[in-house]
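Colleague: Please find one structure pasted underneath; my questions will follow.
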Amino acid sequence: MMLSLLHHQNLVNLVGYCADGDQRILVYEYMQNGSLEDHLLELVRNKKKPLDWDTRMKVAAGAASGLEYLHETADPPVIYRDFKASNILLDEEFNPKLSDFGLAKVGPTGGETHVSTRVMGTYGYCAPEYALTGQLTVKSDVYSFGVVFLEMITGRRVIDTKKPTREQNLVTWASPLFKDKRKFTLMADPLLEGKYPIKGLYQALAVAAMCLQEEAETRPTMSDVVTALEYLGVTKVEENNETDNNKKEEGEDERLKL
């Protein structure tokens, strides 16, 4: 099995399997916090508290690192093909690990540019060129990452028929908003209650927009995404330090007044 050959801190460990008659069961390591979907899109049903901004960015960075390993370290490269919130599992400290490699496909080798295959995966997460032609590349995963990252930023499902018609498809709803920086705050999950760094929100949405480019060639590689998310984390720390310094200065001013 493919997963038994892949080892990375952001991929689930395969403990074993059970084969009995026509029954086949895979046994993964136990992930205490379930899936990202449980904490992001199924809050009411699972009685979970909303994830804070820092945790969302931590999960995004770890998941991106897992995809980077599959695309750029595994030999031959592996295309995950079913990247979505329910396939990102979380341990006790909310470290993410990719699971369910049932649709994973060995990437193109020997100078080939793509793998031709039957279109599979979950509606809404598939890259447009893959959905239209069945031509699969690592950039197909990059698009799927962009969709999930946008779900993490907005708290919205990629397809939600309960919303007004124009807002049912997350990517279609977000596309015009990407073009107007003044509307970026409208895209932040209301459950965050405004508790996020503005610069961090702008940068996160910029990463999502790059991953969701219509043309596969214009999307970044996962190593580029990992680098961008690491920089986003650094910026977050710097912003927090600036805020703390400003608060200290304000406190000193107040004392001087007294």
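The opening residue of the sequence shown carries number 51 in the working numbering; numbering runs sequentially from there. Positions of the beta carbon are idealized from the N, C-alpha and C atoms, including for glycine. Since we're looking at a predicted model, the values are computed, not measured.
So the alpha helix (DSSP H) Gln-82 belongs to, where does it begin and stop?
Modeller: Where Gln-82 is concerned, there is no enclosing alpha helix (DSSP H), given that its DSSP letter is neither H nor E.
Colleague: What are the residues that DSSP puts in a beta bridge with Arg-232?
Modeller: According to DSSP, which records beta bridges pairwise, Arg-232 is partnered with nothing at all.
Colleague: Of all the options Glu-179, Ala-113, Arg-206, which has the alpha carbon lying nearest to the alpha carbon of Gln-263?
Modeller: Shortest Cα-Cα distance from Gln-263 to any of Glu-179, Ala-113, Arg-206 involves Glu-179.
Colleague: Taking the beta strand (DSSP E) that Ile-203 belongs to, which residues open and close that run?
Modeller: No beta strand (DSSP E) contains Ile-203, which is instead part of the alpha helix (DSSP H) from 188 to 204.
Colleague: Is it buried or exposed, Leu-236, if we count other Cβ atoms within 10 angstroms and call 16 or more buried?
Modeller: exposed
Colleague: I want to see whether chain B comes within less than 8 Å of Met-107, judged by CB atoms only; does it?
Modeller: No chain B is part of this structure, which consists of one protein chain only.
Colleague: Excluding the 5 residues flanking Gly-66 on each side, which residues of the same chain have their C-beta closer than 6 Å to its C-beta?
Modeller: Val-77
Colleague: Do the CB positions of Ala-135 and Leu-101 come within less than 8 Å of each other?
Modeller: Note that the C-beta distance between Ala-135 and Leu-101 is not below 8 Å.
Colleague: According to the Cβ coordinates, are Leu-279 and Ala-114 closer than 8 Å?
Modeller: yes
Colleague: Measure the C-alpha to C-alpha separation of Leu-61 and Asn-137 and round it to an integer number of angstroms.
Modeller: 10 Å
Colleague: Taking only three categories from DSSP, how would you classify Arg-269?
Modeller: coil
Colleague: To the nearest angstrom, how far is the alpha carbon of Lys-213 from that of Thr-204?
Modeller: 14 Å
Colleague: Hey, Gly-84 and Leu-140: beta-carbon distance below 8 Å or not?
Modeller: yes
Colleague: Nearest-angstrom Cα distance between Thr-222 and Cys-68?
Modeller: 43 Å
Colleague: Between the Cα of Leu-86 and the Cα atoms of Ala-124, Gly-116, Asn-145, which residue gives the shortest distance?
Modeller: The shortest C-alpha separation from Leu-86 is found at Asn-145.
Colleague: Determine the burial state of Glu-118: buried for a count of at least 16 other Cβ atoms within 10 Å of its Cβ, exposed for fewer.
Modeller: buried
Colleague: Going straight from the alpha carbon of Lys-249 to that of Leu-282, what length do you get?
Modeller: 9 Å
Colleague: Since I believe Gly-196 is in contact with Ala-258 (beta carbons under 8 Å), could you give me their beta-carbon distance rounded to a whole number of angstroms?
Modeller: 5 Å
Colleague: Select from Glu-265, Lys-229, Tyr-130, Tyr-80 the residue whose C-alpha is nearest the C-alpha of Val-188.
Modeller: Tyr-130
Colleague: Can you give me the C-alpha to C-alpha distance between Leu-55 and Arg-74, rounded to a whole angstrom?
Modeller: 19 Å
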